[in-house]
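Asker: First the structure, then my questions, so here it is.
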Amino acid sequence: DGGITQSPKYLFRKEGQNVTLSCEQNLNHDAMYWYRQDPGQGLRLIYYSQIVNDFQKGDIAEGYSVSREKKESFPLTVTSAQKNPTAFYLCASSMAGGYNEQFFGPGTRLTVL
Amino acid sequence: AQTVTQSQPEMSVQEAETVTLSCTYDTSESDYYLFWYKQPPSRQMILVIRQEAYKQQNATENRFSVNFQKAAKSFSLKISDSQLGDAAMYFCAYRSDSGNTPLVFGKGTRLSVIA
Numbered sequence: 001d002g003g004i005t006q007s008p009k010y011l012f013r014k015e016g017q018n019v020t021l022s023c024e025q026n027l028n029h030d031a032m033y034w035y036r037q038d039p040g041q042g043l044r045l046i047y048y049s050q051i052v053n054d055f056q057k058g059d060i061a062e063g064y065s066v067s068r069e070k071k072e073s074f075p076l077t078v079t080s081a082q083k084n085p086t087a088f089y090l091c092a093s094s095m096a097g098g099y100n101e102q103f104f105g106p107g108t109r110l111t112v113l
Numbered sequence: 114a115q116t117v118t119q120s121q122p123e124m125s126v127q128e129a130e131t132v133t134l135s136c137t138y139d140t141s142e143s144d145y146y147l148f149w150y151k152q153p154p155s156r157q158m159i160l161v162i163r164q165e166a167y168k169q170q171n172a173t174e175n176r177f178s179v180n181f182q183k184a185a186k187s188f189s190l191k192i193s194d195s196q197l198g199d200a201a202m203y204f205c206a207y208r209s210d211s212g213n214t215p216l217v218f219g220k221g222t223r224l225s226v227i228a
């Protein structure tokens, strides 16, 4: 079945640690996206990639890093520089063209202990 | 930069009744797309309906329809014959008609359905 997978579903981090959230898609989509969701804030864009080996910062990129070495994979690293990382993180992908919907993964809940 | 505003943080509707969720947006572009996504308690984002800005005809998908007013930059979602399964967060989103640009989301409206 085609789709987007995110792992882990729940992640706990101690302060000062870097953690990496996984996102994989088998939809053959060129573009991939990372959003952060906080209560009452909607979804805010962290990073996006329109093609392999290229990515752009979103509205809240500080304290995060990404890589896009393969078309299928777009991992997000939450670094110790992110001051308030506890949130729900959603990965998405889409085909080229504005009409095409973004497909979303099931999300990862990150909690800083 | 484009912005999307959902002015109703919470709404409720009786089962089998009709409810309308509001969305306004700000853009200087003439070509773009608008979307409504649903996020149930499982937190899986699901596309409900989409609208191309160049089309005057309002999009419909079964019990879901939109009222798209381009001049007013308004894009409301109407849910008819509401069902318990419609209870969810609903997000309005904007996307430019240029390449693989990201969606710009509103803050969402939480819809409760009362039996």
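Respectively, the protein sequence lines represent chains P and D. Residues 1 to 113 in this note's numbering are what the first sequence lists, from first letter to last. Residues 114 to 228 in this note's numbering are what the second sequence lists, from first letter to last. All residues carry an ideal CB built from backbone N, CA and C; glycine is no exception.
#1: Using a Cβ cut-off of 9 Å, which residues of the stretch 6-30 of chain P contact any Cβ in chain D, in chain order?
#2: Here's the rule I'm using: 16 or more other beta-carbon atoms within 10 Å means buried, otherwise exposed. How should Asp-54 (chain P) be labelled?
#3: DSSP three-state label for Ser-199 (chain D), please.
#4: Alpha carbon to alpha carbon, how far is Glu-165 (chain D) from Phe-181 (chain D)?
#5: Kindly list, in the order they appear in chain P, the residues whose Cβ is closer than 9 Å to that of Met-124 (chain D).
#6: Around the C-beta of Tyr-145 (chain D), are 16 or more other C-beta atoms found within 10 angstroms, so that it is buried, or is it exposed?
#7: Are the C-beta of Pro-75 (chain P) and some C-beta of chain D separated by less than 8 Å?
#8: Using a C-beta to C-beta distance shorter than 9 Å, which residues of chain D count as neighbours of Gly-40 (chain P)?
#9: Pull the bridge partners of Met-124 (chain D) from the DSSP assignment, please.
#10: Answer with yes or no whether the minimum CB distance from Tyr-64 (chain P) to chain D is below 8 Å.
Answerer: Here's the rundown:
#1: His-29, Asp-30
#2: exposed
#3: Before going on, a small fix: residue 199 (chain D) reads as Asp here, not Ser. If DSSP states are grouped into helix, strand and coil, Asp-199 (chain D) belongs with the helices.
#4: 10 Å
#5: By Cβ distance, chain P contributes nothing, its closest Cβ being about 15 Å from Met-124 (chain D), past 9 Å.
#6: Its Cβ being crowded by 16 or more others within 10 Å, Tyr-145 (chain D) is buried.
#7: no
#8: Pro-122, Lys-220, Gly-221
#9: D:Leu-224
#10: With 8 Å as the cut-off, Tyr-64 (chain P) does not count as an interface residue toward chain D.
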